[in-house]
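Quick notes on the structure that follows.
There are 2 protein chains.
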Amino acid sequence: MTTETLQVTSVTTKANVYFDGKCVSHDLQLPDGSRKSVGVVLAAELSFGTAAPERMECVGGACEYQLEPQGPWQTCEPGQSFSIAGDSRFNIRVAEAFHYICHYG
Amino acid sequence: MTTETLQVTSVTTKANVYFDGKCVSHDLQLPDGSRKSVGVVLAAELSFGTAAPERMECVGGACEYQLEPQGPWQTCEPGQSFSIAGDSRFNIRVAEAFHYICHYG
Chain A
205 MTTETLQVTS
215 VTTKANVYFD
225 GKCVSHDLQL
235 PDGSRKSVGV
245 VLAAELSFGT
255 AAPERMECVG
265 GACEYQLEPQ
275 GPWQTCEPGQ
285 SFSIAGDSRF
295 NIRVAEAFHY
305 ICHYG
Chain B
205 MTTETLQVTS
215 VTTKANVYFD
225 GKCVSHDLQL
235 PDGSRKSVGV
245 VLAAELSFGT
255 AAPERMECVG
265 GACEYQLEPQ
275 GPWQTCEPGQ
285 SFSIAGDSRF
295 NIRVAEAFHY
305 ICHYG
């Protein structure tokens, strides 16, 4: 099931812009005090590093992703998610757009 | 004063992507039931139409804007805003990024 809306308490108004705008996200604070972000990756092939562990939940579009080092390329579609360890990297290929919620920790 | 965070109750997780990603926004619902959006326009010269009246509040970066028909080009910087009538158009020029809150009505 796709998460169409997310209950939050506040949003950071200034966007995070990565890779010349190929990835744009906004940070959110939740009622339990935790933080998440919502964002979109546009048509691109990009490599991201993590600090904390992350879970990327697809809420629209799709991507292919690869966990480093050299995991298999897998597809992530609406309602699906994938988890990345902290202090590691993942690669992502997007044909049109990949809309996501990033869950931390 | 720049609005760095906005108190909201929910966010629509899927982004609005306009002009091949030159403008990306997320819709928000506020505690009073009203709707706003937060977004960013990247380096571009774009023309937008309005349905309801809008007020664009700059929360980062800057833009030049022109209200149609043929208003003067004016600058909008953090803490400033400009208002657009309903059912009309405005043009915007951005050199790097223009981060905004869009207030409706």
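Quick note, the sequences are listed as chains A and B, same order. Residues in the first sequence are numbered from 205 upward in steps of one, following our numbering. Residues in the second sequence are numbered from 205 upward in steps of one, following our numbering. We put the CB at the ideal spot given by N, CA and C, even for glycine.
Who are the neighbours of residue 284 of chain B on chain A, taking C-beta pairs under 9 Å?
Result: empty, since nearest Cβ-Cβ is about 14 Å, beyond 9 Å.
Whole angstroms are fine: how far does the CA of residue 225 of chain A sit from the CA of residue 266 of chain B?
16 Å
Return the Cβ separation of residue 303 of chain B and residue 218 of chain A in integer angstroms, given the expectation that the two are a contact with Cβ distance under 8 Å.
The Cβ separation is near 5 Å, so the contact holds.
Compare the Cα-Cα distances from residue 246 of chain A to each of A:283, A:233 and A:227 and report the closest residue.
A:227
So, does the CB of residue 288 of chain B fall closer than 8 Å to a CB anywhere in chain A?
no
Rounding to the nearest angstrom, what Cα-Cα distance links residue 253 of chain A and residue 232 of chain B in this structure?
The alpha-carbon separation between residue 253 of chain A and residue 232 of chain B amounts to approximately 28 Å.
If you follow the beta strand (DSSP E) that residue 246 of chain A is part of, which residue opens it and which one closes it?
239–253
If we ignore side chains and look at the alpha-carbon of each, how far apart do residue 238 of chain B and residue 251 of chain A end up?
37 Å
Please state the DSSP three-state secondary structure of residue 231 of chain B.
strand
Please identify, using Cβ separations under 9 Å, the residues of the segment 232–247 of chain B that lie next to chain A, in order along the chain.
From the segment 232–247 of chain B, only 232, 233, 242, 243, 244, 246 and 247 have a Cβ closer than 9 Å to chain A.
Please check if any C-beta of chain B sits within less than 8 Å of the C-beta of residue 210 of chain A.
yes
Return the residue from the list B:257, B:307, B:255 and B:214 that minimises the CA-CA distance to residue 242 of chain A.
B:214
Between residue 261 of chain B and the rest of its own chain, which residues show a CB-CB distance below 7 Å, the 5 nearest in sequence each way excluded?
207, 285, 304, 305 and 307
Residues of chain B with a CB under 8 Å from the CB of residue 305 of chain A: which are they?
217
Quick one: does residue 301 of chain A have its CB under 8 Å from some CB of chain B?
yes
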